[in-house]
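Protein sequences appear in the order of chains A and B. Here this note's numbering is used: the first residue of the first sequence is 1, the next is one more, and so on. Here this note's numbering is used: the first residue of the second sequence is 334, the next is one more, and so on. Virtual Cβ for every residue (Gly too), placed ideally from N, Cα, C. Taking it in order: structure first as structure tokens, then the write-up.
Protein chains: 2
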Amino acid sequence: MSKSVLTIDGLQYSNWSRAIFEEMREGGVDAVHATLVYHENCRETLLRFGEWQRRFEIHQDLIVPVRQASDIELARESNRVGIFFGAQNCSPIEDDIDLVAIMRRLGLMIMQLTYNNQSLLACGCYEAEDSGITRFGRQVIREMNRVGMLIDMSHSSERSTLEAIELSERPVIISHANPASFHAAKRNKSDEVLRAVAQSGGILGFSVYPFHLRNGPDCTLDEFCGMVADTAELMGIDHIGIGTDLCQGQPESVLTWMRNGRWTKAMDYGEGNKANAGWPRPLSWFSDNRHFNNIAEGLYLKGFNNDEIEKIMGRNWLRQLTEGTRPQAGAVY
Amino acid sequence: MSKSVLTIDGLQYSNWSRAIFEEMREGGVDAVHATLVYHENCRETLLRFGEWQRRFEIHQDLIVPVRQASDIELARESNRVGIFFGAQNCSPIEDDIDLVAIMRRLGLMIMQLTYNNQSLLACGCYEAEDSGITRFGRQVIREMNRVGMLIDMSHSSERSTLEAIELSERPVIISHANPASFHAAKRNKSDEVLRAVAQSGGILGFSVYPFHLRNGPDCTLDEFCGMVADTAELMGIDHIGIGTDLCQGQPESVLTWMRNGRWTKAMDYGEGNKANAGWPRPLSWFSDNRHFNNIAEGLYLKGFNNDEIEKIMGRNWLRQLTEGTRPQAGAVY
Numbered sequence: 001m002s003k004s005v006l007t008i009d010g011l012q013y014s015n016w017s018r019a020i021f022e023e024m025r026e027g028g029v030d031a032v033h034a035t036l037v038y039h040e041n042c043r044e045t046l047l048r049f050g051e052w053q054r055r056f057e058i059h060q061d062l063i064v065p066v067r068q069a070s071d072i073e074l075a076r077e078s079n080r081v082g083i084f085f086g087a088q089n090c091s092p093i094e095d096d097i098d099l100v101a102i103m104r105r106l107g108l109m110i111m112q113l114t115y116n117n118q119s120l121l122a123c124g125c126y127e128a129e130d131s132g133i134t135r136f137g138r139q140v141i142r143e144m145n146r147v148g149m150l151i152d153m154s155h156s157s158e159r160s161t162l163e164a165i166e167l168s169e170r171p172v173i174i175s176h177a178n179p180a181s182f183h184a185a186k187r188n189k190s191d192e193v194l195r196a197v198a199q200s201g202g203i204l205g206f207s208v209y210p211f212h213l214r215n216g217p218d219c220t221l222d223e224f225c226g227m228v229a230d231t232a233e234l235m236g237i238d239h240i241g242i243g244t245d246l247c248q249g250q251p252e253s254v255l256t257w258m259r260n261g262r263w264t265k266a267m268d269y270g271e272g273n274k275a276n277a278g279w280p281r282p283l284s285w286f287s288d289n290r291h292f293n294n295i296a297e298g299l300y301l302k303g304f305n306n307d308e309i310e311k312i313m314g315r316n317w318l319r320q321l322t323e324g325t326r327p328q329a330g331a332v333y
Numbered sequence: 334m335s336k337s338v339l340t341i342d343g344l345q346y347s348n349w350s351r352a353i354f355e356e357m358r359e360g361g362v363d364a365v366h367a368t369l370v371y372h373e374n375c376r377e378t379l380l381r382f383g384e385w386q387r388r389f390e391i392h393q394d395l396i397v398p399v400r401q402a403s404d405i406e407l408a409r410e411s412n413r414v415g416i417f418f419g420a421q422n423c424s425p426i427e428d429d430i431d432l433v434a435i436m437r438r439l440g441l442m443i444m445q446l447t448y449n450n451q452s453l454l455a456c457g458c459y460e461a462e463d464s465g466i467t468r469f470g471r472q473v474i475r476e477m478n479r480v481g482m483l484i485d486m487s488h489s490s491e492r493s494t495l496e497a498i499e500l501s502e503r504p505v506i507i508s509h510a511n512p513a514s515f516h517a518a519k520r521n522k523s524d525e526v527l528r529a530v531a532q533s534g535g536i537l538g539f540s541v542y543p544f545h546l547r548n549g550p551d552c553t554l555d556e557f558c559g560m561v562a563d564t565a566e567l568m569g570i571d572h573i574g575i576g577t578d579l580c581q582g583q584p585e586s587v588l589t590w591m592r593n594g595r596w597t598k599a600m601d602y603g604e605g606n607k608a609n610a611g612w613p614r615p616l617s618w619f620s621d622n623r624h625f626n627n628i629a630e631g632l633y634l635k636g637f638n639n640d641e642i643e644k645i646m647g648r649n650w651l652r653q654l655t656e657g658t659r660p661q662a663g664a665v666y
């Protein structure tokens, strides 16, 4: 595969640095969905935006903010990485529907309705009971549709996800997860959910986070690409992409923050456990941003043609962002 | 005077309503600098933006947000009022320089460095001692220059204002005040300050708030226009405009908020006093947005020609916004 394949990663939360941005260029990455926050409230979310403003100033030769999907092509032309933002939780909007448009204006293109736990909007995939989309959640879905903020159900539970798809007038995405049929995990998705996502016009970004893979860190590239092939059958070639969930260079304290936020005094191990509390060992064929070519190669060996590989590696994400982040016709905000 | 004179008001904080927006259209107002906040912190400032988002949705036939100066001409063409935002204090940015760019992105085009009291940036016009621009203030001036946010010194004191002008690479404005030579008041400005503002490329917006006028509510239109003529001599015809300080329909509680914020337990009466604590009686020739034509007429009778009147009524403000709110060349934010 040539390096010129448009490459968009549907989720990362790395310990951002010049070295990582350089690796992104080396790996031919054109744009990345960067997680802005996990549990940060409104004010704290602005701190994160502020940190990114400084990165954009300092590293302007390497990275560029994506204010609209077409900026990704400009980033590519100038040999830089476009950064677009998403929140893994609805904490940035607190209890205030007006913050949806405000966050969108600041560049938040994607928001998850929940992160593992029950939120004010919906239920997370670790809760025992899923009562579906809340009253506030229904209003927020409508507002996200209006302003063009993509609804991401990666960490949400089954019923809430299906209801969100039902309620939303626009596509619903799962930026980073895998099919539960490939590997049973609370974070992976049922065929019913995946079919509904595809029918909504949404996308699944395949995760290379070992907890989401069969055989964990020992999952082979061939197994991974087999999963992609099976999912292409299930969802259609236009509704799949990459969402690595790469958390490069993050200390364990960040993992603890993701899992525990401010909500528990007891330690929550998320997808790990007490004996296996830290970051999982990385895959041999994908440990940093220089390895996207391995995935493209693997897909080629699995029998995908160039057009299909281009869709999976980036074109589908570009279409999703182009269509999904445009404000609704006539929307004033 | 015909109604077609471009009319921009350099400051209002009215009790916004459909009736007021309709009066603006009736009065031929094309754009207004609307005060967003007085003492509100960052999070509270977002509440105010949220309220305006709703107004823009509900009253989209009458008002439209000004995201860049050229939107004012679009507003005029569609017979609507363009609203551009300013903060009367630096409270929205708290102690965080990154919030300058964030607030600018949200549409804050103008910020005062102080409101009567000492702030983290500079000294207000009611303090006994003015030690000038602070360390943080110097950084914020540079950042406001960078992102294109106009520095407004309306409520600042003499030394701080002169230092801000010295430090700023871009024009500094006084959106709403009058010359102290016309009427001695803590809020009115010395000839030295006014000359420096003009030399910086900035503008003075003449206030019709009775506390800023000779003879208060009894100031005649002829006296007001005489003041304009004298200031045109002092500052030049390109550096003066209107900044009414109209606070139409506001209850006394809002006046108390402006004056007292959260900073005092004793009552502060601002420009009033215990015996005269409320809103001043309005002028006979300017009490609401339908009366801008009176000012234009008065200027005509005072001997200004049409070109000069157009500059004062709106063209100077439009130029100021066009030049002053553009990000600096190469600025990334």
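8 Å Cβ cutoff, residue i in contact with chain B
i: A:S2; result: For A:S2, the pLDDT reaches just 44, beneath the cut-off of 50, and the residue's location in the model is therefore unreliable, leaving the point undetermined.
i: A:Q53; result: yes
i: A:D61; result: no
i: A:C42; result: yes
i: A:L167; result: no
Min CB distance residue i to chain A below 8 Å
i: B:G419; result: no
i: B:V665; result: yes
i: B:E383; result: The sequence shown places Gly at residue 383 of chain B, rather than the Glu named in the question. Yes, contact with chain A.
i: B:F389; result: yes
i: B:R475; result: no
i: B:D404; result: no
i: B:C458; result: no
i: B:A364; result: no
i: B:R468; result: no
i: B:I642; result: no
Contacts around residue i, its chain only, beta-carbon distance under 8 Å, and the 5 residues preceding and following it disregarded
i: A:R25; result: L62, N79, R80, V81
i: B:G419; result: L344, H366, A367, T368, L369, L441, M442, I443, M444, Q445, L483, D485, S508
i: A:D95; result: L120, F136
Sequence-distant residues of the same chain with beta carbon closer than 6 Å to residue i, five excluded per side
i: A:E166; result: none
i: B:G647; result: L339, T340, I341
i: B:Y542; result: D578
i: B:E406; result: none
i: A:G202; result: P171, V172, I173
i: A:C219; result: L213
i: A:S2; result: Confidence at A:S2 is low in this model, with a pLDDT of 44, below 50, so its placement is unreliable and the value that follows should be read with caution. So no residue of the chain qualifies.
i: B:I426; result: L432, V433
Within 8 Å, strictly: CB atoms of residue i and residue j
i: A:S91; j: A:N41; result: yes
i: A:Q112; j: A:Q88; result: yes
i: B:Q661; j: B:N348; result: no
i: A:M258; j: A:L194; result: no
i: A:A198; j: A:A164; result: no
i: B:F619; j: B:I628; result: yes
i: B:A402; j: B:L654; result: yes
i: B:P613; j: B:G538; result: no
i: B:Q386; j: A:A331; result: no
i: B:K635; j: B:A529; result: no
i: A:R343; j: A:E23; result: Because chain A in this structure spans residues 1 to 333, residue 343 of chain A falls outside the shown range and cannot be described.
i: A:N316; j: A:G241; result: yes
Contact set for residue i: own chain, Cβ-Cβ below 7 Å, skip 5 residues either direction
i: B:G457; result: T447, Y448, N449, N450, Q451, H488, S489, S490
i: A:A185; result: F211, H212, E271
i: A:A277; result: Y269
i: B:G559; result: K635
i: B:L651; result: L339, I341, A402, I405
i: B:L632; result: C558, V561, I642, I645
i: A:T161; result: M153, V193
i: B:Y371; result: Q421, N422, Y448, W590, M591, G594
Output the residue ranges of the alpha helix (DSSP H) runs that lie fully inside the region 83-141 of chain A and measure 4 residues or longer, sorted by chain position. Counting whole runs of 4 or more residues, the region 83-141 of chain A contains the alpha helix (DSSP H) stretches 98-106.
Start-end ranges of the beta strand (DSSP E) lying completely within the region 210-246 of chain A, minimum 3 residues: Counting only runs of 3 or more, we get 240-242.
Continuous alpha helix (DSSP H) assignments of at least 4 residues falling wholly in the region 488-547 of chain B: With a minimum length of 4 residues, the continuous alpha helix (DSSP H) runs that stay inside the region 488-547 of chain B are 491-500, 524-533.
My parser needs the beta strand (DSSP E) runs of 3 or more residues fully inside the region 638-662 of chain B; what are they? Complete beta strand (DSSP E) runs here, min 3: none at all.
Does the pairing of the region 261-278 of chain A with the region 224-240 of chain A give three or more beta-carbon distances under 8 Å? Taking 8 Å as the limit for Cβ pairs, the verdict is that the region 224-240 of chain A does not touch the region 261-278 of chain A.
Please give the ranges of any alpha helix (DSSP H) in the region 587-645 of chain B, keeping only runs that are unbroken, at least 4 residues long and fully inside the region. Counting only runs of 4 or more, we get 625-634, 639-643.
Hey, which unbroken runs of the beta strand (DSSP E) at 3 residues or more fall wholly within the region 340-365 of chain B? As far as the region 340-365 of chain B is concerned, its whole beta strand (DSSP E) runs of at least 3 residues are 341-345.
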